[in-house]
Amino acid sequence: EAGVAQSPRYKIIEKRQSVAFWCNPISGHATLYWYQQILGQGPKLLIQFQNNGVVDDSQLPKDRFSAERLKGVDSTLKIQPAKLEDSAVYLCASSFFLWGQGSGNTIYFGEGSWLTVV
Amino acid sequence: SQQGEEDPQALSIQEGENATMNCSYKTSINNLQWYRQNSGRGLVHLILIRSNEREKHSGRLRVTLDTSKKSSSLLITASRAADTASYFCATPAIGGGSNYKLTFGKGTLLTVNP
Numbered sequence: 016e017a018g019v020a021q022s023p024r025y026k027i028i029e030k031r032q033s034v035a036f037w038c039n040p041i042s043g044h045a046t047l048y049w050y051q052q053i054l055g056q057g058p059k060l061l062i063q064f065q066n067n068g069v070v071d072d073s074q075l076p077k078d079r080f081s082a083e084r085l086k087g088v089d090s091t092l093k094i095q096p097a098k099l100e101d102s103a104v105y106l107c108a109s110s111f112f113l114w115g116q117g118s119g120n121t122i123y124f125g126e127g128s129w130l131t132v133v
Numbered sequence: 023s024q025q026g027e028e029d030p031q032a033l034s035i036q037e038g039e040n041a042t043m044n045c046s047y048k049t050s051i052n053n054l055q056w057y058r059q060n061s062g063r064g065l066v067h068l069i070l071i072r073s074n075e076r077e078k079h080s081g082r083l084r085v086t087l088d089t090s091k092k093s094s095s096l097l098i099t100a101s102r103a104a105d106t107a108s109y110f111c112a113t114p115a116i117g118g119g120s121n122y123k124l125t126f127g128k129g130t131l132l133t134v135n136p
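Residue numbers (my numbering), protein chains in the order written: chain W, 16 to 133; chain B, 23 to 136.
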């Protein structure tokens, strides 16, 4: 089966510019996640969707980051305006069920979108 | 917030040797997962162990879980150069809206020298 698709793979922008990342999850996966991974650290959850509804966006810097998942399939993550500290890999992931304490179902990750803000 | 933490931060071994990585976590969990990330790639799920399991095997991987010590270990036997990657433990934590989310530690960078 096809994996999680992300684009673009690499992006270099100047600070204060905007950027958008696109994600297409595995077919049939209801839950979609965006993680931010800064070099040398583990991924940090930014936002989690169940179908087209937001489940958790508590760590999304809402003054500059926004995300949507129209029709419960594809998702876009936007940063506007970008700051130097936004340089990171943005990982999209999906799972069949809403991930929970009891289910422990596997999360499938895309290859990531590498952002460099200069 | 980060729940799990891996140790050591970096590990360098020779091909054929075994590699052991540890993960400690803070609060009670129902399950723990290990993921691998090759340089420049996304994360790949390796294995899940539930709180009622003490040990689990998958090929050359062996995972243990000690809930009394809130720790887990990942053992890779007969390592290969292709095992060179970062390894992360992932544990559940309460997120926004009281929903559970999967949180990752900073990882262990494993280098297997040919």
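The C-beta atom is built at its ideal place from N, Cα and C for all residues, glycine as well.
For clarity, every value in this text was computed on a predicted model and none was experimentally measured.
Check: Does the beta carbon of Gly43 (chain W) come closer than 8 Å to any beta carbon on chain B?; Outcome: no
Check: Indicate whether at least one CB of chain W lies closer than 8 Å to the CB of Lys91 (chain B).; Outcome: no
Check: In this structure, how does DSSP classify Lys86 (chain W) when only helix, strand and coil are distinguished?; Outcome: helix
Check: Given this structure, state the Cα-to-Cα distance separating Gln116 (chain W) from Asn53 (chain B), to the nearest angstrom.; Outcome: Unreliable placement is indicated for Gln116 (chain W), whose pLDDT of 47 sits below 50; no coordinate value is reported for it.
Check: Specify the secondary structure class of Asp78 (chain W) as computed by DSSP and reduced to three states.; Outcome: coil
Check: I want to see whether chain B comes within less than 8 Å of Gln63 (chain W), judged by CB atoms only; does it?; Outcome: yes
Check: With a threshold of 7 Å on Cβ separation, who are the neighbours of Leu13 (chain B) within its own chain once the five nearest residues in sequence on each side are excluded?; Outcome: Any answer about residue 13 (chain B) is impossible in this case: the structure gives chain B only from 23 up to 136.
Check: By DSSP's criteria, Glu100 (chain W) is part of a beta bridge. Which residues make up the other side?; Outcome: In the DSSP output, where bridge partners are listed per residue, Glu100 (chain W) has none listed.
Check: Assign Asp71 (chain W) to one of three DSSP states: helix, strand, or coil.; Outcome: strand
Check: Can you give, in chain order, each stretch of the alpha helix (DSSP H) that sits fully within the segment 40 to 76 of chain B and has at least 4 residues?; Outcome: none
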